[in-house]
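Residue numbers (my numbering): 11 to 158.
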Ligand SMILES: [Zn+2]
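Now the structure itself:
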């Protein structure tokens, strides 16, 4: 790993490992060996979108022994804890996004690749009224692309 240290927001230098550990603790997740290993793969490589299969393959490349089912469970636990955002692109495929604030995505149907839409480029002209007893908690925008 070429990046040994990262600066946290308050200017204190922390090792990435410590940061990931702190993220898990803050999220109320026990930092098991597998969770830590998967969290490091997820959060120490910049902003990214991964499927469970992609992360499982990365874990195997890094000789981390973990089943695909555990990768699925861990991704869902991280999502529930607010560390990831799930983007469902079709009924058989979800991406997990390390960028958790609301933003839109381009989905390349040919390649299956997911890409962030740069901020401020999606404007919704009108919003539906939320059904009674509910409120809108978020909007997922996925713009589907094919080759022109
Ligand atoms: Zn994204």
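All residues carry an ideal CB built from backbone N, CA and C; glycine is no exception. Source: prediction; values computed, not measured.
Closest to residue i by C-alpha separation, out of the options, would be which residue?
{"i": "residue 133", "options": "118, 143, 114, 120", "result": "114"}
{"i": "residue 70", "options": "90, 44, 109", "result": "44"}
{"i": "residue 117", "options": "79, 56, 154", "result": "154"}
{"i": "residue 89", "options": "101, 61, 72, 67", "result": "61"}
{"i": "residue 32", "options": "77, 72, 91", "result": "91"}
{"i": "residue 63", "options": "102, 130, 30, 35", "result": "102"}
{"i": "residue 130", "options": "137, 143, 112, 39", "result": "112"}
{"i": "residue 48", "options": "141, 143, 76", "result": "76"}
{"i": "residue 38", "options": "138, 145, 65, 87", "result": "87"}
Looking only at DSSP bridge pairs, what is residue i linked to?
{"i": "residue 153", "result": "116"}
{"i": "residue 96", "result": "106"}
{"i": "residue 59", "result": "107"}
{"i": "residue 87", "result": "DSSP output for residue 87 lists no bridge partner at all."}
{"i": "residue 125", "result": "116"}
Could you check whether the Cβ of residue i sits closer than 6 Å to any heavy atom belonging to ligand 1?
{"i": "residue 109", "result": "yes"}
{"i": "residue 126", "result": "yes"}
*Looking at C-beta atoms only, is the number of pairs between the stretch 95-111 and the stretch 49-58 that lie closer than 8 Å three or more?*
Result yes; three or more Cβ-Cβ pairs closer than 8 Å.
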